[in-house]
Amino acid sequence: MLTFLQQLRVDWPCASEKASTETLRSRALAEITCVHDGRTLPPGVLGRLCLKELVEEQGLAAGYDPNLDNCLVTEDLLSVLAELQEALRYWPEDSYPGLAGANSCTVIHVVSCEEEFQQQKLDLLWWKLDDQAPLRQKHLICGPVKVAGAPGTLMTAPEYYKFRHAQVCKASALKHSEDLAQDPAWMEIFGILSVATIKFEMLSTSPQSQLLLALSDSSISTKGTKSGTFVMYNCARLATLFESYKRSKEQGLYPTFPPVSSLDFSLLHDEGEWLLLFNSVLPFPDLLSQIAVLDCTTPGLHIAARTEMMCKFLVQLSMDFSSYYNRVHVLGEPRPHLFGQMFARLQLLRAVREVLHAGLAMLGLPPLSHI
1 MLTFLQQLRV DWPCASEKAS TETLRSRALA EITCVHDGRT LPPGVLGRLC LKELVEEQGL
61 AAGYDPNLDN CLVTEDLLSV LAELQEALRY WPEDSYPGLA GANSCTVIHV VSCEEEFQQQ
121 KLDLLWWKLD DQAPLRQKHL ICGPVKVAGA PGTLMTAPEY YKFRHAQVCK ASALKHSEDL
181 AQDPAWMEIF GILSVATIKF EMLSTSPQSQ LLLALSDSSI STKGTKSGTF VMYNCARLAT
241 LFESYKRSKE QGLYPTFPPV SSLDFSLLHD EGEWLLLFNS VLPFPDLLSQ IAVLDCTTPG
301 LHIAARTEMM CKFLVQLSMD FSSYYNRVHV LGEPRPHLFG QMFARLQLLR AVREVLHAGL
361 AMLGLPPLSH I
């Protein structure tokens, strides 16, 4: 799973080496008080710890499963907890200015709905066995991911990535009428397109909802999976547009971009231009304020992420831009009386490009300059 996350360019915290469980094990053995009536414990099991008292003592009952009572402490569970400790200890503080130590840190457990109960136990066990445990722990619950089609169809995360990557390579080979898989530059692009395909497929559905994956040979062209490549394609079109202007300016066809304050935006008459401005550029700061930061200060155990809002926003922005760009020649003939409208349009598309790049960065995706 860690390799899969790395392929998706997710900077996931992990221990620098095999974490030691000795301290946790000693603390757990000291806390275990339940009697087993002389029965031998199964291999790897240390005993049981009562968690209900901890929930009541900490005043954290809101949000925890009411059936939480005893926790079966195993060597495997302590190993997972030790990895959490190590990840927190070695997480680079300069990643988040102002973050210093567990007291100012919030740990977010990203967990599937099937494993939520066990993860709550791990959360409480951390409090029980570690005096330096983070003061705030939140749980982000994700719905199940299932494969559409035949019941019981299973696919591992690495197989899923390999499947989508092969589809991207095949689609590109058909488009360019040649196999580009041996070109390192194109392989880097194929990797980014694969990541974009997967992230938009995964994140366009609310994390708390069930996600159905369409895994057929033609599914790269279906609505659910083409969103990522469509957004990246239009990102590349924007880059090509500004590169074309730069080359034409160097050839003396167009003048240098004038100061923004001198531009006449009343020359923007096309409806598509105002759609881009009022549906994308102007609302973007409000969208960021809603979804850019997980609200970890709210009471209760659970938090929610709104990834689907950003995905849908970027898809709609790309649709509006694509429609406009297919209809309007932004870089017109190099005639002085046309430059005013051209620069007004370019400035609008500069703002569109900034919004698009910022939205992609929110999803951990770099912009593409060509595709």
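Numbering (the UniProt record's numbering), first residue to last: 1 to 371. Just so it is clear, CB atoms sit at the ideal spot from N, CA and C, and this is done for glycine as well.
{"Query": "Neighbour-count burial assignment, P134, 16 or more Cβ in a 10 Å radius", "Result": "buried"}
{"Query": "Coarse secondary structure for I141, derived from DSSP in three states", "Result": "strand"}
{"Query": "Straight-line Cα distance separating W126 from H139", "Result": "14 Å"}
{"Query": "One or two residues paired with C71 in a DSSP bridge", "Result": "L49"}
{"Query": "contact_flag[the region 303-315, the region 227-236] where n(CB pairs < 8 Å) is 3 or more", "Result": "yes"}
{"Query": "Cβ neighbours of S194 in the same chain (closer than 6 Å, five flanking residues each side left out)", "Result": "R164, H165 and V168"}
{"Query": "Rounded separation between S323 and G272 - CA only", "Result": "8 Å"}
{"Query": "Simplified DSSP assignment, three categories, for T197", "Result": "helix"}
{"Query": "Residue nearest to E75 in terms of C-alpha spacing, selected from P43, E86 and L124", "Result": "P43"}
{"Query": "Residue range of the unbroken alpha helix (DSSP H) whose run includes H269", "Result": "Note, H269: premise wrong, no alpha helix (DSSP H); not H, not E."}
{"Query": "Exposure label - G359; buried when at least 16 CB within 10 Å", "Result": "buried"}
{"Query": "Which listed residue (Q120, C50, Q137 and A196) has its alpha carbon closest to that of P367", "Result": "A196"}
{"Query": "Where L54 falls: helix, strand or coil (DSSP)", "Result": "helix"}
{"Query": "Residues near Y64 by beta carbon distance below 8 Å, same chain, minus five either side", "Result": "V55, Q120, L124 and L301"}
{"Query": "Beta-carbon separation (whole angstroms), I371 vs A214, contact threshold 8 Å", "Result": "Going by Cβ atoms, the distance from I371 to A214 rounds to 23 Å, so no, they are not a contact pair."}
{"Query": "Best match in L238, T298 and V231 for proximity to L331 [C-alpha to C-alpha]", "Result": "L238"}
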